[in-house]
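Participant: In my numbering, the protein residues as written are 15 to 264.
Built from N, CA and C at the ideal position, the CB exists for glycine as well.
Computed from a prediction, not measured in an experiment: that's the story for all the values here.
One structure follows; several queries about it will come next.
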């Protein structure tokens, strides 16, 4: 029967390419899902890759899990483990800095071992814009990473191009006929601000918000009350750093 959401709708299934996410609210739902999958496989001749199939228990099922029928091959996501779904890491709890640690290691590897310098400033700027900045865009949409950490990546990008952590007269670069068309280095922090604003707009302002929006808003309202804000709007507009909020507090 799926998972009831805060707006009265029900989350049952989401699919993207060959990835499917199915949701249930009871042991009976689990049996229904397995039965439907078996019928589909029998009719289509397709087979489920159980080695890549994972059951993630949420809510009350974390403390009181229902038994899995004997012989089922599905893996159970344990407390403290993470699973990557369409490039995004999911788990019951995550360290606040885990996204930054993964991005930092990936970016250092790209800069030190993957990218090759073209040999001129224009070429290296284009390379950084396309590869390094492009690699951060996806992460910025799904991982909670502070602006100060993105500023560090900007310094690394500048150092790759100029071998120092700043650009001299950046707005005047490549303005002569000798240099040709201006090629500015994309400012990552401005791009991240735009991406975050896009998510906020989709959740709060769109006539038809995404499926998950109602539950996010409900959870944020609980957090706003717990942190003594007068409203959700005040929490969103606050410039204070968000403290750690435990599951119990939520």
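#1: Suppose you measure from the CA of residue 109 to the CA of residue 256; what does that come to, to the nearest Å?
#2: Which same chain residues end up closer than 8 Å to residue 55 when comparing Cβ atoms and leaving out the 5 residues on each side of it in sequence?
#3: Where does residue 89 fall in DSSP's three states?
#4: Look at the alpha carbon of residue 97 and the alpha carbon of residue 66, and state the distance between them as a whole number of angstroms.
#5: Report back the beta-carbon spacing between residue 20 and residue 254 to the nearest angstrom; my notes put them in contact at under 8 Å.
#6: Just checking my contact of residue 69 with residue 91 at CB under 8 Å: how many whole Å lie between their CB atoms?
#7: Within a Cβ cutoff of 6 Å, which residues of the same chain sit near residue 143, ignoring the five residues on either side of it in sequence?
#8: List the endpoints of the continuous beta strand (DSSP E) containing residue 27.
#9: Quick check on residue 233: buried or exposed, where buried means 16 or more other Cβ atoms within 10 Å of its Cβ?
#10: Taking residue 206 as the reference, which of 150, 224, 25, 99 has the closest Cα?
#11: In this structure, does DSSP put residue 119 in helix, strand or coil?
#12: How far does the beta strand (DSSP E) with residue 33 in it extend, from its first residue to its last?
#13: What is the rounded straight-line gap between the Cα of residue 58 and the Cα of residue 51?
Facilitator: Once the coordinates are examined:
#1: Here residue 109 is taken as the residue at index 95 of the chain shown, counted from 1. Here residue 256 is taken as the residue at index 242 of the chain shown, counted from 1. C-alpha separation (whole angstroms): 14 Å.
#2: Within the chain shown, residue 55 is the residue found at index 41, counting from 1. Correct list, in chain order: 61, 62.
#3: The residue given as residue 89 occupies position 75 in the chain shown. Note: residue 89 maps to strand in three-state DSSP.
#4: Within the chain shown, numbered from 1, the residue matching residue 97 stands at position 83. Within the chain shown, numbered from 1, the residue matching residue 66 stands at position 52. So the alpha carbons of these two residues sit roughly 10 Å apart.
#5: As a first step, residue 20 must be located in the chain shown, where it is residue number 6. As a first step, residue 254 must be located in the chain shown, where it is residue number 240. That pair is no contact at about 26 Å.
#6: Taking the first residue of the chain shown as 1, we reach residue 69 at position 55. Taking the first residue of the chain shown as 1, we reach residue 91 at position 77. Residue 69 to residue 91, Cβ: 7 Å. Contact.
#7: Here residue 143 is taken as the residue at index 129 of the chain shown, counted from 1. 200, listed in sequence order.
#8: As a working mapping, residue 27 is identified with position 13 in the chain shown. Segment 27-30, the beta strand (DSSP E) holding residue 27.
#9: Your numbering for residue 233 matches position 219 in the chain shown. Burial call: exposed.
#10: If you number the chain shown from 1, residue 206 lands on position 192. Cα-wise, what sits closest to residue 206 is 150.
#11: What you label residue 119 is simply residue 105 of the chain shown in a count that begins at 1. The answer is helix: DSSP assigns residue 119 an H, G or I state.
#12: Reading the chain shown from its first residue, position 19 is the one you call residue 33. 33-36 is the extent of the beta strand (DSSP E) around residue 33.
#13: Counted from its first residue, the chain shown places residue 58 at position 44. Counted from its first residue, the chain shown places residue 51 at position 37. So the two alpha carbons sit approximately 10 Å from each other.
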